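If you read the sequence shown in the working numbering, its first letter stands for residue 343, the second for the next number, and so on. Every residue, glycine too, gets a C-beta built ideally from N, C-alpha and C. Being a predicted model, the structure only gives us computed values, none of them experimental.
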Amino acid sequence: MNTRGLRSQLKDSVPVAGLCPQTGTYGVADTLRSGFSSVKNELLPSHPLELSEKNFHLNQDKMNFTTLRNIQGLHAPLKLQMEYRAARQIQRLPFLPSSNLALDTLRGTDETIGFEDILNDPGQSELMGEPHIMTEYRLGVL
Numbered sequence: 343m344n345t346r347g348l349r350s351q352l353k354d355s356v357p358v359a360g361l362c363p364q365t366g367t368y369g370v371a372d373t374l375r376s377g378f379s380s381v382k383n384e385l386l387p388s389h390p391l392e393l394s395e396k397n398f399h400l401n402q403d404k405m406n407f408t409t410l411r412n413i414q415g416l417h418a419p420l421k422l423q424m425e426y427r428a429a430r431q432i433q434r435l436p437f438l439p440s441s442n443l444a445l446d447t448l449r450g451t452d453e454t455i456g457f458e459d460i461l462n463d464p465g466q467s468e469l470m471g472e473p474h475i476m477t478e479y480r481l482g483v484l
């Protein structure tokens, strides 16, 4: 029997974050703020390339920043990181989907059609809630 295969099956079936869900003030999971709990999101990666694919954009940005620093100096990646941070802060209200067009333009992905452009339809999103409660939570009133 292949013990490595059994070990990977056990590793894939045990949640990483723990067995108890996040509890609110009354000891019950707050589904309005945190959403429904999903076991799939808490599992360890099932394939070695899954982590690499999940962090692809981060690794690509690090490589580009290193190359830019070696060619143009320290100021170029710092300026670009500040522009990325400013573009990430531009968003709509919490209950409306945001396209992040400024961030796509900075990264150069605004002219390409990818997997996420077709299958990332905001109309099919599971994020739906009371607009007033979501806005108050984002502003820290609740």
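- Taking 7 Å as the cut-off, the Cβ atoms of Phe407 and Pro390 do not count as close.
- Under the 10 Å beta carbon count, Met405 is surrounded by fewer than 16 other beta carbons and is classified as exposed.
- For Asp446, the enclosing alpha helix (DSSP H) stretches over residues Leu443 to Arg449.
- Under the three-state reduction of DSSP output, Asn401 falls in the helix class.
- Residue environment analysis places Leu481 among the exposed positions, since fewer than 16 neighbouring C-beta atoms fall within 10 angstroms of its C-beta.
- Take Gln423, set aside five residues on each side of it, and the residues of its chain with a beta-carbon closer than 8 Å to its own are Phe407, in chain order.
- With contacts defined as CB atoms closer than 7 Å, Leu445 and Ala428 fail to qualify as a contacting pair.
- Per DSSP, the unbroken alpha helix (DSSP H) holding Pro473 starts and ends at Pro473 to Leu481.
- Between Glu425 and Leu410, the gap from beta carbon to beta carbon reaches 7 Å or more.
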